[in-house]
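Worksheet for the structure shown next.
Numbering (the numbering used here), first residue to last: -13 to 115.
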């Protein structure tokens, strides 16, 4: 595995870390026979109570990174609300686990972080091919 996560606090390092975390949490695996992707967020959420707590903690890591970037409080509140709503969905037995495949709070939060980085730190942009 030749992929290293940067440990710096510069915007480029933060962007690479949050993108990697989102990929692990939301798009690590593909459901066989479909193109539906899922990640650790959905898998860990299958464990009652403890899984939902761990899933929320991993989601809040993205909010913490956003806070370290100096993002506005209203964006942090929106991101926290995304994680909270995802956690509330996960509490509902079976239906919450199914909805976890479709409501991806970490992907939504990554989109908020990317928008901030593209506006305030355009040198961090990566062109996807």
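Note that beta-carbon positions come from the ideal geometry of N, C-alpha and C, so glycine has one too.
Predicted model only: the values in this text are computed from it and were never measured.
In the displayed model, residue 66 falls within a helix according to three-state DSSP. A distance below 7 Å between beta-carbons, with the five flanking residues on each side excluded, links residue 2 to the following residues of its chain, in chain order: -9, -8. For residue 15, DSSP records a beta bridge to 24. Where residue 51 is concerned, the enclosing alpha helix (DSSP H) starts and stops at 36 to 54. Separation of residue 89 and residue 109 (C-alpha to C-alpha, rounded to the nearest whole angstrom) is 30 Å.
Residue environment for residue 30: buried (at least 16 other C-beta atoms within 10 angstroms of its C-beta). The Cβ atoms of residue 24 and residue 87 lie closer than 7 Å to each other. For residue 71, the three-state secondary structure derived from DSSP is helix. Inclusion of residue 73 and residue 42 in the CB contact set at 7 Å is warranted, their separation being smaller than that value. Judged by beta-carbon spacing, residue 65 lies within the 7 Å limit of residue 98, meaning their Cβ atoms are closer than that value.
About 5 Å separates the beta carbons of residue 8 and residue 92, which is inside the 8 Å limit, making them a contact pair.
The DSSP-derived three-state label of residue 78 is coil.
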